[in-house]
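Quick note, the sequences are listed as chains A and B, same order. All letters in the first sequence, in the order written, are residues 5 to 116 by my numbering. All letters in the second sequence, in the order written, are residues 9 to 124 by my numbering. Backbone N, C-alpha and C define an ideal beta-carbon position, used for all residues, glycine too. From a predicted model like this one, the values you see are computed outputs, not experimental measurements. Working notes, structure below.
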Amino acid sequence: AQSVTQPDIHITVSEGASLELRCNYSYGATPHLFWYVQSPGQGLQLLLKYFSGDTLVQGIKGFEAEFKRSQSSFNLRKPSVHWSDAAEYFCAVGVGSYIPTFGRGTSLIVHP
Amino acid sequence: GAVVSQHPSRVICKSGTSVKIECRSLDFQATTMFWYRQFPKKSLMLMATSNEGSKATYEQGVEKDKFLINHASLTLSTLTVTSAHPEDSSFYICSARTSSGADTQYFGPGTRLTVL
Chain A
5 AQSVTQPDIH ITVSEGASLE LRCNYSYGAT PHLFWYVQSP GQGLQLLLKY
55 FSGDTLVQGI KGFEAEFKRS QSSFNLRKPS VHWSDAAEYF CAVGVGSYIP
105 TFGRGTSLIV HP
Chain B
9 GAVVSQHPSR VICKSGTSVK IECRSLDFQA TTMFWYRQFP KKSLMLMATS
59 NEGSKATYEQ GVEKDKFLIN HASLTLSTLT VTSAHPEDSS FYICSARTSS
109 GADTQYFGPG TRLTVL
């Protein structure tokens, strides 16, 4: 069964600084990988996904993520964080029609 | 595209009453819908998977007689919390997967249930 680890519970960055949120997965083959963002009291919004092809994936709101098979990672990045990016971020891994497994989430705090 | 709505967004009820939450896919057909429960500062806990026209599949530890799920059409699934108790208070989120076979889930905005 697949699993996903988000090692950082909280990340604090200053507005305008770059951001990288870590995600590691465990699965034998190439999984389907997702990043979602959740604002307080809201549902989850899909930021980006990787199924195959180019390992650098562009998403909405200026986010990107890179799939690195050798490191079993799918880290989320943004070059310049905005205060509105403060939220909970979830990485998920799925395989075909199986139900994706979600990480525990990383809370992003943005300082002015 | 791929918008999922939930109704109501928040509900407060008395202990012992039943509450129904609706999940709708607004611009696509969803053969599969999922119901999650989210505790404060916690990740999502999958409660059940609902396929249109068939019985829902519940995750281990989830009481199917307490959390009734009906997926009557390709755009609507309902979760009924029967005889709600304060410990059922939580944030309930549904998601829907398109019928194309890809496993991208689109999430509703969630329903905050408070049982007094």
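Q.
Please report whether the beta-carbon of B/L52 lies at a distance below 7 Å from any beta-carbon of chain A.
A. yes
Q: Run the CB neighbour count on A/W39, radius 10 Å, all protein chains shown included, and call it buried at 16 or more, exposed below.
A: buried
**Q.** Within 7 Å, strictly: CB atoms of B/S33 and B/V12
**A.** yes
Q) Taking Cβ to Cβ, would you say B/Q104 is nearer than 7 Å to B/M41? A) Going by the sequence as given, residue 104 of chain B is Ala instead of Gln. Yes, these two residues count as a Cβ contact at 7 Å.
Q) Of all the CB atoms in chain B, is at least one closer than 7 Å to the CB of A/L25? A) no
Q.
If we define contact as Cβ-Cβ less than 7 Å, is B/P94 a contact residue for chain A?
A. no
Q) When the cut-off is 7 Å and only beta carbons count, does A/Q46 lie next to chain B? A) yes
Q) Whose Cβ in chain A lies nearer than 9 Å to the Cβ of B/R120? A) G45
Q. Which chain B residues sit within Cβ distance under 9 Å of A/F94?
A. S51, L52
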